[in-house]
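Just so you know, we're using my numbering here: the sequence shown kicks off at 30 and counts up by one.
Let me begin by presenting the structure, written as structure tokens, before commenting on it.
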Amino acid sequence: MTPATAPSSNFSVFLERNARFAAGDAKDGIPAIPFIPFKQVYVITCIDPRVEPAAVLGVELGDAIVARNVGGRVTSSIVKDLAWICHLHENKTPDSDWFEVAVIHHNDCGSALFADDELRRGYAARGGYDERTAAAMAVLDPAETVREDVARLVTAPELAASRDSFKIGGYAYDLKTGLLTTIVDPS
Numbered sequence: 030m031t032p033a034t035a036p037s038s039n040f041s042v043f044l045e046r047n048a049r050f051a052a053g054d055a056k057d058g059i060p061a062i063p064f065i066p067f068k069q070v071y072v073i074t075c076i077d078p079r080v081e082p083a084a085v086l087g088v089e090l091g092d093a094i095v096a097r098n099v100g101g102r103v104t105s106s107i108v109k110d111l112a113w114i115c116h117l118h119e120n121k122t123p124d125s126d127w128f129e130v131a132v133i134h135h136n137d138c139g140s141a142l143f144a145d146d147e148l149r150r151g152y153a154a155r156g157g158y159d160e161r162t163a164a165a166m167a168v169l170d171p172a173e174t175v176r177e178d179v180a181r182l183v184t185a186p187e188l189a190a191s192r193d194s195f196k197i198g199g200y201a202y203d204l205k206t207g208l209l210t211t212i213v214d215p216s
């Protein structure tokens, strides 16, 4: 189905935008190697639409690897994905520059609702995270949770072999001011 014949839906506007994008040449200026973005940055942030990396950070196509999940938390899945990128670097492009990981949490995060016992219990009953995991996912204080997540990356056994090859920084984003604050200096 082409964009012109697609049924009207909430996604229709994005199909139209994609047709304009595809007609241009921006898609031609992408990194030659998929795991080596132009700016050598791997961003881990929240799925909240108010924290869109293209808008908040000015990330353009090919600039960064962006991983998004509820709260921007460093989960086992995030660790495994990062370990895969490290493995690719080590085995496919050992002479390439390494990257910096930026963990970004924000205030007024919807993940804070994991702190609501009733909501969390109901979600666990549906087959979501177990209650303990869900409670740990809540971002109530972005500065605190960013420190926790940077520490998780620093100590992750899956990243131990590569740990000295990349920097990890932690940041808190303020929705009202639009500013990022460095919580953990990249090291």
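The C-beta atom is built at its ideal place from N, Cα and C for all residues, glycine as well.
Here the structure is a predicted model, which is why all the values come from computation and not from measurement.
Residue range of the alpha helix (DSSP H) that includes residue i
| i | result |
| --- | --- |
| C75 | Taken as a continuous stretch (DSSP letters only), C75 belongs to no alpha helix (DSSP H), being part of the beta strand (DSSP E) at 70-75. |
| V183 | 171-184 |
| N39 | Element bounds for N39: n/a, residue is neither H nor E. |
| R149 | 146-154 |
| S105 | 105-121 |
| R161 | 160-166 |
| V85 | 82-85 |
Terminal residues of the beta strand (DSSP E) in which residue i lies
| i | result |
| --- | --- |
| G198 | 196-202 |
| I94 | 93-98 |
In DSSP terms, what residue i is bridged to
| i | result |
| --- | --- |
| T211 | Y200 |
| I133 | Y200 |
Backbone CA spacing between residue i and residue j [nearest angstrom]
| i | j | result |
| --- | --- | --- |
| D54 | P60 | 14 Å |
| D203 | T74 | 13 Å |
| T104 | G199 | 15 Å |
| T184 | A84 | 31 Å |
| P186 | A112 | 10 Å |
| G151 | S191 | 39 Å |
| A163 | A153 | 8 Å |
Close Cβ partners of residue i (< 6 Å) along its chain, the five nearest in sequence each way excluded
| i | result |
| --- | --- |
| T210 | A201 |
Contacting residues, own chain, Cβ-Cβ under 8 Å from residue i (five flanking each side not counted)
| i | result |
| --- | --- |
| D214 | G198 |
Neighbourhood of residue i by C-beta, 7 Å cutoff - its chain only, sequence neighbours within 5 removed
| i | result |
| --- | --- |
| I62 | T122 |
| V179 | V132, I197, G199, V213 |
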